[in-house]
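Numbering (the working numbering), first residue to last: 1 to 329.
Positions of the beta carbon are idealized from the N, C-alpha and C atoms, including for glycine.
Remember, predicted model here, so these are calculated numbers, not experimental data.
Everything on this sheet refers to the single structure shown next.
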Ligand code: SF4
């Protein structure tokens with residue numbers, strides 16, 4: 001029987017899942033993903049996590065619990081850095097996530113918590129894969145081949161997002177189900193908004209109360225940070241006096257500047273309650289939007305109590321205000 005490895009459908013899942021799914025399947029393992037977020041998953045995470053954790057971390061606990069009885073291993077890498085180009089790291093909660101999970105959730109299957117620190121050079125990804133393969137009893141050669149296949153799958157996934165301008169959640173659906181979603185015709189949209197935030201908040205339909213779909217129903221074309229090719233984000237980085245410390249904060253700030261250059265109609269920054277990095281990035285985007293001639297900007301903070309009706313009311317008000325301003329209504 002194949003060994004079963006569990007991947008929580010949360011946090012880095014929305015960034016790297018195609019890579020790791022392909023890697024583990026190439027090593028003849030069965031990949032089990034936790035179910036899509038529901039009230040039950042969120043409630044069980046909130047119950048077990050430390051009270052002052054941000055909502056994505058609480059939710060992650062719920063996803064790990066869903067996998068607990070189903071798998072031989074849980075994949076929970078310690079994410080330090082994934083960019084060779086700049087020296088930023090993931091936020092401290094990512095760095096300490098394996099320790100946090102071990103401390104709060106007893107009796108879990110073994111965690112695969114190898115450190116991912118790609119600043120160490122171009123070969124580090126291969127060394128990492130060999131280390132993980134060794135834990136699973138696989139040969140270095142098999143791990144290297146699996147790594148190569150994983151990289152190809154990841155490139156394909158990122159290309160789908162950049163070229164088709166779909167969200168990571170939609171690209172994952174295409175990759176998983178071998179199904180191409182029909183792109184919405186440009187003329188269906190009256191406005192274009194950059195919807196920026198962490199991939200694990202915007203792409204989780206439950207925690208984001210399906211904000212992307214709601215905006216589209218209101219006639220808004222939704223653009224996210226992942227749709228900006230990496231070289232364009234790096235070009236924006238050169239305009240900033242310095243890098244922020246954290247990976248996703250940099251991605252959001254750079255994408256905000258890129259979309260301001262592209263003259264989107266508005267920017268929505270989706271922040272997570274209890275997130276330290278978000279508090280600073282939110283203010284920076286707001287000030288930059290004002291400095292560039294009052295680009296309409298709105299912040300929506302989500303937490304475990306976020307209600308669908310409240311978010312919808314704010315989205316409708318923001319969209320109506322912009323349509324009114326442009327003489328569309
Ligand atoms: S960046 Fe913010 S939301 Fe994400 S894990 Fe860290 S504290 Fe939580």
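- Exclusion of the five residues before and after residue 226 leaves 161 and 168 as the residues of its chain whose Cβ lies within less than 6 Å of its Cβ.
- Taking 7 Å as the cut-off, one finds no heavy atom of the ligand SF4 near enough to the beta carbon of residue 17.
- Distance from the C-beta of residue 94 to the nearest heavy atom of the ligand SF4 is below 7 Å.
- The DSSP-derived three-state label of residue 166 is coil.
- Relative to the ligand SF4, the nearest heavy atom lies less than 7 Å away from the CB of residue 248.
- Shortest Cα-Cα distance from residue 76 to any of 154, 101 and 59 involves 101.
- Around residue 90, the same chain offers 79 and 247 as residues with beta carbons nearer than 6 Å, after the five sequence neighbours per side are excluded.
- For residue 285, the distance from the CB to the nearest heavy atom of the ligand SF4 is not below 7 Å.
- Relative to the non-hydrogen atoms of the ligand SF4, the Cβ of residue 146 never comes closer than 7 Å to any of them.
- Taking C-beta separations shorter than 6 Å and ignoring five residues to either side along the sequence, the partners of residue 138 in its chain run 27, following chain order.
- Here residue 329 is exposed, its C-beta having fewer than 16 other C-beta atoms within 10 Å.
- The beta carbon of residue 240 sits closer than 8 Å to the beta carbons of 253, 254 and 257 from its chain, once the five residues preceding and following it are set aside; these are given in chain order.
- Between the alpha carbons of residue 210 and residue 204 lies a distance of about 8 Å.
- Residue 31 sits away from residue 47, with the two beta carbons spaced by 8 Å or more.
- In this structure, the straight-line span from the alpha carbon of residue 13 to that of residue 200 is close to 8 Å.
- The shortest CA-to-CA distance from residue 1 to any of 16, 25, 29 and 15 is the one to 29.
- The three-state reading of DSSP puts residue 61 in helix, counting H, G and I together.
- Note on geometry: alpha-carbon atoms of residue 171 and residue 287 lie some 32 Å from one another.
- Shortest Cα-Cα distance from residue 41 to any of 50, 51 and 64 involves 64.
- Exposed is the label assigned to residue 107, since fewer than 16 other Cβ atoms lie within 10 Å of its Cβ.
- Closest in C-alpha terms to residue 223, from the list 280, 195, 306 and 94, comes 195.
- Residue range 266-272 is occupied by the beta strand (DSSP E) that includes residue 272.
- Of the heavy atoms belonging to the ligand SF4, at least one sits nearer than 7 Å to the Cβ of residue 57.
- With a cutoff of 7 Å, residue 86 does not count as near the ligand SF4, since its C-beta is closer than that to no heavy atom of the ligand.
- Annotation for residue 200: the continuous alpha helix (DSSP H) segment containing it runs 199-202.
- When DSSP states are grouped into helix, strand and coil, residue 209 belongs to the coil group.
- By the neighbour-count criterion, in which a residue is buried when 16 or more other Cβ atoms sit within 10 angstroms of its Cβ, residue 217 is exposed.
- Considering only 95, 37, 93 and 83, the residue with the shortest C-alpha distance to residue 67 is 37.
- For the pair of segments examined, the segment 271-285 was found not to touch the segment 309-321: the number of CB pairs separated by less than 8 Å stays below three.
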